[in-house]
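For reference, the structure is listed below as structure tokens.
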Amino acid sequence: MSGISRRRFLAASVAGCAATTLAGPKKALAAGSFTGYPDGMGVLVDLTRCIGCRSCEAACNKEQNLPAPDKSFDDKSVFDETFHGGKQKRRPDENAYTVVNRYNPDGSDPLYRKVQCNHCNEPACLSSCFVNAYTKTKEGAVVYNPNVCVGCRNCLVACPFGIPGYSYSSAFDPVVKKCIFCHETRLKNGLPPACVDVCPQEALTFGKRKELIKIGHQRIQTHPGRYVNHLYGENELGGTSWMYLSPVNFDEVGFDPNPGNEPIINNVKDFLGTVPMVLAIWPAMFTGFHLLAKKREHDKNNQDTEKQHGEEGGDQ
Amino acid sequence: MSAKQIVMTLMMLAIVAASSLVLAAEMPERASLDSMAVLFEGVEFDHAMHIDLGEDCSTCHHHTTGTGTTNERCIRCHADSDEVATVGCRDCHLDNPFSAENINREALDRYQFHIDTPGLKAAYHWNCVGCHEEMDGPTDCQDCHARTLEGDEFYHKNASATGKSGH
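For the protein sequence lines, the chains are A and H, in the order given. Just so you know, we're using our numbering here: the first sequence kicks off at 179 and counts up by one. Just so you know, we're using our numbering here: the second sequence kicks off at 8 and counts up by one.
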């Protein structure tokens, strides 16, 4: 017989199987991480340029056919509104997919920050949605299908930026409401979103995400002292389509300064990766144990019966 | 006056008129900045008055005309740049900077240095408002251009009149 014995062949087979089983989930994880579509679009928000005119809010309201606002969009008193004991500034909701807030870090000139969905590369809202209402489109937008939304609001909890709103006012058909990057009316037709279009200051720069990353770093480099050396959203939480430049540390203008660079899904990927294995292997394995145990019991019973028969035969 | 003299005089007059026309075309007294006016009226820009106020042409026109640039960053490439044929803002600053066509063109041109040129609207606002802030010029939106009826509707002008509180 040539070089390989039956025993070595079996050992190698077992080792091979084990390796495939162990390596399998790792490979699947690697394939599962996603850094955005190559030609995905984005917006670079430059806080040094924003003058707090709120035109973007007005443009969003018009483009998305949202209800008329309580205060006109040139009313600056909204910047003084606070909620939850004065800690919370305005947030996007069912009636406004974007809001601008004012900050006065160390009492200097005010800074304004626009808030809306950041359109993550690996959106937590999408991961958390069990009816698959969410889609990350190839243009970069995170959109949702309100027709399948069941109103569970998992996405409201999952979003690290606290963005999705909910139509609490609708008694019969409440759904999630958030910025969709003007995907239906503009983005998919190659047009910038309405807020970018109207901005008088070009505080919002629209372009391919990978080009905006270059532009962002170029601005930091060519204007020493104007910005902190960080492009927020380039890597945060796996990267976002909307990215920010700021003249002050990001926590001073309402950002979570350190959300980490891992997408939210990575917190549960390892666990979720074991689920198929458990589902596939455990039933077979425990059935096997069960059958083995049963068989032993069965064999023992048989032996006992045979013994009894033997004894009975011997009496005769 | 002979016929020859009349012709000469007419020719001289024509030359003077033509050169002043060229000058006028090169350096307008006034300019209507209204190519993008929708929500606000266009701006009637008093070029002559701003020439008197400005230090030199490059304050607004960079390296394209007149005195040339003195900006230390620009001068590295544009110290000896020729005057360009057209010097209006909109000849370089596009009124639709984010059209698919412009975005794709910029993304394709690997050798382009100016990958971050502002659009026309931003160029106007940065240049005008930036200077107005320094020189105590008018800085409110409607100081320079009145809002149109469409603009009033866009900003929901009458919403505050109801007196409802926000949120």
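Cβ coordinates follow ideal geometry from the N, Cα and C atoms, glycine included.
Using a Cβ-Cβ cut-off of 8 Å, H/D123 is close to T383, I393, Q396 and R397 of chain A, given in chain order.
In the assembly as shown, A/L409 is a buried residue. Its beta-carbon has 16 or more other beta-carbons within 10 Å. Within chain H, the residues F105 have their CB atoms less than 7 Å from the CB of A/P370, given in chain order. Rounded to whole angstroms, the separation of the alpha carbons of A/Y344 and A/V256 is 21 Å.
By DSSP's assignment, A/G385 forms a beta bridge with A/G220.
Judged by DSSP secondary structure, A/L423 falls within the beta strand (DSSP E) whose first and last residues are W420 to L423.
For H/A38, the enclosing beta strand (DSSP E) begins and ends at R37 to L40. Looking only at A/I398, A/Y290, A/G329 and A/N299, the smallest Cα-Cα distance to A/C307 is reached by A/G329.
DSSP assignment within the stretch 222-298 of chain A yields the following whole beta strand (DSSP E) runs of 3 residues or more, N-terminal first: 277-281 and 289-293. In this structure, the alpha-carbon of A/K447 lies about 46 Å from that of A/K478. The C-beta separation of A/T276 from A/K292 comes to about 6 Å, placing the pair in contact by the 8 Å criterion. Remark: three or more beta-carbon pairs, one from each stretch, lie closer than 8 Å, so the stretch 308-317 of chain A and the stretch 213-224 of chain A are flagged as touching. If you draw a straight line from the Cα of H/T155 to the Cα of H/V45, it comes to about 7 Å. Shown here for A/L390: same chain residues with a beta carbon closer than 8 Å to its own, the five before and five after excluded, namely G220, V221, L222, T383 and M421 in chain order. Separation of A/E272 and A/E235 (C-alpha to C-alpha, rounded to the nearest whole angstrom) is 13 Å.
Residue range Y312 to K314 is occupied by the beta strand (DSSP E) that includes A/T313. Under the three-state reduction of DSSP, A/K366 is assigned to helix.
For A/C231, the CB contacts under 7 Å within the same chain, skipping 5 residues up- and downstream, are P378 in chain order.
For H/R154, the secondary structure class from DSSP, reduced to helix, strand or coil, is strand. Against A/P338, chain H offers no close residue; the least beta-carbon distance is about 23 Å (beta-carbon pairs closer than 8 Å). Between A/K356 and A/P342, the C-beta gap is smaller than 8 Å, which places the two residues in contact. Taking all protein chains shown into account, H/Y118 has fewer than 16 neighbouring C-beta atoms within 10 Å of its C-beta and is therefore exposed. Residue-level contact by beta carbon holds for H/H163 and chain A, with a gap shorter than 8 Å.
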